[in-house]
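Enquirer:
Protein chains in written order, with the working numbering: chain A, 95 to 551; chain B, 95 to 551.
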């Protein structure tokens with residue numbers, strides 16, 4: 095008889111992982127190294143110290159250490175909101191009429207509203223531990239800025255947050271949440287940095303982009319004494335911290351006697367996807383589970399995997415960061431302001447880019463109205479109002495489940511539900527009113543972005 | 095050695111209560127009966143059938159049945175978001191420097207953002223089960239309307255929601271959430287009912303009140319075929335459903351080897367407080383735990399317990415409901431529009447009113463700036479952004495913990511954290527900007543409300 099699977103399954107505090115998992119230690123081929131844009135040579139760890147605090151710079155470069163101890167102080171804060179539940183979507187399965195078993199790891203049950211807190215806590219802790227006195231960052235939809243504000247409030251660190259202007263305007267209350275946690279929120283591009291002034295001069299009506307906000311935050315950090323920059327996605331260190339998602343998921347599924355046939359995650363910069371898949375990808379790489387499929391889901395309006403190039407590019411619009419080899423639309427690419435679905439970053443985690451390039455992962459893209467349709471269906475079935483970002487994964491999982499309905503296969507699907515959509519109601523209203531538009535960049539649109547790629551490959 | 099208490103403790107699905115607990119079965123003296131305002135005589139169960147569906151009317155009147163089976167369909171939906179966690183506020187304890195142990199039952203981890211879903215599911219289920227084809231209700235802060243929309247979407251029932259106008263305006267995105275779940279939201283008072291038209295004629299600039307919205311929803315229900323009215327607080331049936339909060343809390347504390355010395359809850363209509371305290375109050379009533387203290391916390395701007403009268407009153411402003419004996423400010427009392435802290439209802443659950451009147455419970459009131467101060471402190475310590483309503487309980491619990499600090503007593507405090515404040519950011523912004531005002535009604539203000547009391551006592 096099949097084991098009775100609860101709707102929501104929580105590990106106990108004792109069962110929580112005490113170490114993060116570094117997927118690079120098990121990759122046969124490593125992601126390409128970061129390059130210094132001035133010299134074109136691989137970046138050394140010490141060269142990152144002006145930007146990142148030292149322990150994080152080390153984690154960024156360290157591809158050898160398989161398991162990294164989670165500091166006690168970080169674990170203490172994790173325990174306020176973790177372990178997060180592994181949920182069985184019984185009602186969604188029933189509504190779809192699929193023989194598939196759908197699981198989701200729900201990371202939205204904390205005030206940041208997303209998985210971003212997992213890395214924010216680690217980064218704020220290491221900064222505090224090194225004796226830094228302030229931090230800067232960027233935020234797009236606002237989830238990362240909220241998460242980092244919470245972590246900085248907890249560890250007592252002042253924080254400047256450059257928020258992508260379109261989100262700043264679309265999500266007025268996000269700002270207020272960050273302010274509750276003492277975050278100082280600045281719409282980007284702004285006149286508070288040289289790079290912001292330049293971008294505004296070139297394009298006064300820009301609605302901003304993550305790449306541009308990153309430039310401003312980095313400039314502010316390197317020009318302020320005892321200050322560093324922190325980033326909520328893309329980086330290797332972030333994927334390391336986010337591995338807690340996958341580790342908890344795998345442990346919970348083991349206890350329930352389950353293992354996923356397909357793992358689905360939304361992909362913006364790759365923080366959630368990279369963390370969710372890490373321990374399952376390990377099993378694929380070492381041959382234990384060679385047939386697991388991994389599906390990255392991205393917006394059709396910002397299709398880095400499905401229509402981008404695998405090339406060296408800047409991580410920011412202002413072109414002041416090191417160069418990373420990744421799937422990218424070019425740092426000059428800015429998605430349509432009409433796009434409300436999040437995941438607006440031009441590039442993609444170098445680790446995930448390498449795995450995708452080497453054929454270990456698939457990718458699909460969806461237009462935003464299809465994504466919101468899936469979000470509303472999910473909400474009614476599972477009583478969780480999902481973030482638009484997370485809803486990409488829902489749509490991907492629904493499509494996998496519908497394939498199972500056609501073939502009659504009872505596959506086990508695991509997807510990452512990264513967060514909640516309480517601050518995305520403007521977008522939901524537009525969707526419900528039928529005024530939401532889809533936007534797919536033309537080849538010409540994309541070419542403009544590719545033209546911004548550095549001539550280095 | 096003391097048992098290690100986790101930060102968050104979850105019962106398993108199997109440990110979830112399968113029955114609600116009816117506190118009236120253990121009260122030595124019963125609350126006064128509902129009266130028919132026309133005849134002045136106690137209402138019979140059948141007289142409630144035009145307003146409530148039959149099973150709910152029965153639950154409203156039934157003071158004998160101690161435990162009521164939770165229907166299987168209701169349990170199924172409960173399992174999507176329950177059991178809710180019992181949390182130990184280690185960081186808040188540390189920040190306060192108190193020897194007290196502070197626990198809170200967190201009911202905000204669902205999209206309705208509050209405990210209201212516990213009764214919404216039950217009420218929607220019984221309506222569906224009776225073959226009704228639509229429902230009406232009112233909502234103040236929007237939590238109840240959201241909860242009921244979710245439940246109605248789940249069971250496939252159309253729903254009209256009369257939303258207090260001041261909340262409708264202060265919380266634009268609440269409406270959108272209800273619409274995701276197909277709720278039809280109408281600002282109250284409205285021109286869609288006779289009682290709404292009358293209230294608007296008498297007071298064109300009114301910001302509305304729960305009492306007024308109730309009148310409109312009841313009128314709509316009784317004038318629509320196969321439709322009934324449902325209410326999210328005050329009623330005996332609601333306290334019955336909400337007993338799941340207390341039952342889970344008690345079971346979790348038993349497993350952890352704990353029992354509260356003080357139970358603290360916010361009090362608007364009494365739904366959360368009544369549910370939270372129920373099984374602990376049983377122990378006080380039967381002498382098992384005679385010394386447990388129960389503290390109701392209410393806003394100074396709507397002080398039904400602390401400054402109201404224990405009298406028969408209408409449950410609504412339009413004076414079309416039965417009369418209930420309760421602590422009330424009079425159905426004509428409307429709190430200041432400046433009050434952003436919720437809990438705006440003029441009356442109080444008859445069960446809780448009776449317990450308070452008979453000395454089993456205490457009550458305190460706070461001004462809203464003090465409540466928001468506690469909310470921000472709590473958020474920074476525990477990474478949960480609390481609803482203003484819930485923050486009344488936080489403030490109450492903090493004050494109890496500070497008393498322990500003075501006396502050196504390591505008391506065990508349990509409070510109800512009913513929900514999250516994601517839709518209350520306008521109020522938080524005002525608090526942070528220092529533009530939030532306190533409002534305490536004068537004796538003259540209160541007298542105006544008392545003048546609206548029916549002459550029946």
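C-beta atoms are modelled at their ideal positions from N, C-alpha and C, and glycine is treated no differently.
Could you check whether residue 168 of chain B and residue 219 of chain B sit closer than 8 Å to each other, using their CB atoms as the reference points?
Expert: Less than 8 Å separates the beta-carbon of residue 219 of chain B from that of residue 168 of chain B.
Enquirer: Does the beta carbon of residue 205 of chain B sit closer than 8 Å to a beta carbon anywhere in chain A?
Expert: yes
Enquirer: How many Å lie between residue 189 of chain B and residue 433 of chain A at the Cα?
Expert: 42 Å
Enquirer: With a threshold of 16 other CB atoms inside 10 Å of the CB of residue 425 of chain A, please say whether the residue is buried or exposed.
Expert: Buried, since its Cβ has 16 or more Cβ neighbours within 10 Å.
Enquirer: With a cut-off of 8 Å, does the C-beta of residue 100 of chain A fall near any C-beta of chain B?
Expert: yes
Enquirer: If you draw a straight line from the C-alpha of residue 95 of chain A to the C-alpha of residue 352 of chain A, how long is it?
Expert: Since pLDDT at residue 95 of chain A reaches only 45, below the 50 mark, its modelled position is unreliable, and no value is offered.
Enquirer: Pull up the DSSP beta-bridge partners for residue 438 of chain A, would you.
Expert: Note: residue 438 of chain A sits in no beta bridge, so no partner.
Enquirer: Strictly by DSSP, which residues pair up with residue 282 of chain B?
Expert: B/258
Enquirer: So that I know if they touch, is there some Cβ in chain B lying closer than 8 Å to that of residue 458 of chain A?
Expert: no
Enquirer: Any C-beta of chain A sitting closer than 8 Å to the C-beta of residue 273 of chain B?
Expert: By this cut-off, residue 273 of chain B is an interface position.
Enquirer: Return the bridge partner residues of residue 166 of chain B from the DSSP annotation.
Expert: Per DSSP, none; premise fails for residue 166 of chain B.
Enquirer: Looking at chain B, is there any beta carbon in it that lies within less than 8 Å of the beta carbon of residue 106 of chain A?
Expert: yes
Enquirer: Looking at the structure shown, is residue 523 of chain B part of a helix, part of a strand, or coil, going by DSSP?
Expert: Of the three classes helix, strand and coil, the one that applies to residue 523 of chain B here is helix, per DSSP.
Enquirer: Checking the sheet assignment: what are the DSSP bridge partners for residue 403 of chain B?
Expert: B/422
Enquirer: Out of curiosity, what's the CA-to-CA distance linking residue 376 of chain B and residue 362 of chain B?
Expert: 22 Å
Enquirer: Leaving out the 5 sequence neighbours to the left and right, which residues in its chain are closer than 6 Å to residue 227 of chain B when beta-carbon positions are compared?
Expert: 320
Enquirer: What is the DSSP secondary structure of residue 472 of chain A, counted as helix, strand or coil?
Expert: Helix.
Enquirer: Could one say the Cβ of residue 474 of chain A lies closer than 8 Å to chain B's Cβ atoms, at least one of them?
Expert: yes
Enquirer: Do residue 338 of chain B and residue 179 of chain B have their CB atoms nearer than 8 Å?
Expert: no
Enquirer: Can you tell me whether DSSP reads residue 196 of chain B as helix, strand or coil?
Expert: Of the three classes helix, strand and coil, the one that applies to residue 196 of chain B here is strand, per DSSP.
Enquirer: Return no unless some Cβ of chain B is closer than 8 Å to the Cβ of residue 511 of chain A.
Expert: no
Enquirer: Would a C-beta distance cut-off of 8 Å place residue 548 of chain B and residue 518 of chain B closer than the cut-off?
Expert: no
Enquirer: Please confirm whether residue 598 of chain B and residue 172 of chain B have their CB atoms less than 8 Å apart.
Expert: Residue 598 of chain B lies beyond the range of chain B shown here (95 to 551); nothing can be said about it.
Enquirer: Can you list the residues of chain A that residue 390 of chain B reaches, using a CB-CB cut of under 9 Å?
Expert: None at all; the shortest Cβ gap to chain A is about 26 Å.
Enquirer: Could you please tell me which residues of the stretch 461 to 473 of chain B, in chain order, have their CB closer than 7 Å to any CB of chain A?
Expert: Within the stretch 461 to 473 of chain B, the residues whose Cβ lies closer than 7 Å to some Cβ of chain A are 470, 473, listed in chain order.
Enquirer: Please report the Cβ distance between residue 368 of chain B and residue 446 of chain B, rounded to the nearest whole angstrom; I am assuming they are in contact, meaning their Cβ atoms lie under 8 Å.
Expert: 5 Å
Enquirer: Residue range of the beta strand (DSSP E) that residue 550 of chain A falls in?
Expert: Element bounds for residue 550 of chain A: n/a, residue is neither H nor E.
Enquirer: Using DSSP's beta-bridge definition, name the partner residues of residue 513 of chain A.
Expert: A/208
Enquirer: Give me the DSSP bridge partner(s) of residue 360 of chain B.
Expert: Bridge partners of residue 360 of chain B: B/391.
Enquirer: Specify the secondary structure class of residue 457 of chain A as computed by DSSP and reduced to three states.
Expert: Strand.
Enquirer: Give the DSSP-derived three-state secondary structure of residue 306 of chain A in the structure shown.
Expert: helix
Enquirer: Does residue 538 of chain A pass the burial test, meaning 16 or more other C-beta atoms within 10 Å, or should it be called exposed?
Expert: Flag for residue 538 of chain A reads exposed.
Enquirer: What are the residues of the stretch 164 to 177 of chain A that lie near chain B, defined by any Cβ-Cβ distance shorter than 7 Å?
Expert: 173, 174, 175
Enquirer: So, using beta-carbon positions, are residue 438 of chain B and residue 282 of chain B closer together than 8 Å?
Expert: no
Enquirer: In chain B, which residues lie with their C-beta within 7 Å of the C-beta of residue 478 of chain A?
Expert: 205
Enquirer: Is DSSP giving residue 50 of chain A helix, strand or coil here?
Expert: Outside the displayed span of chain A (95 to 551) sits residue 50 of chain A, for which this structure offers no information.
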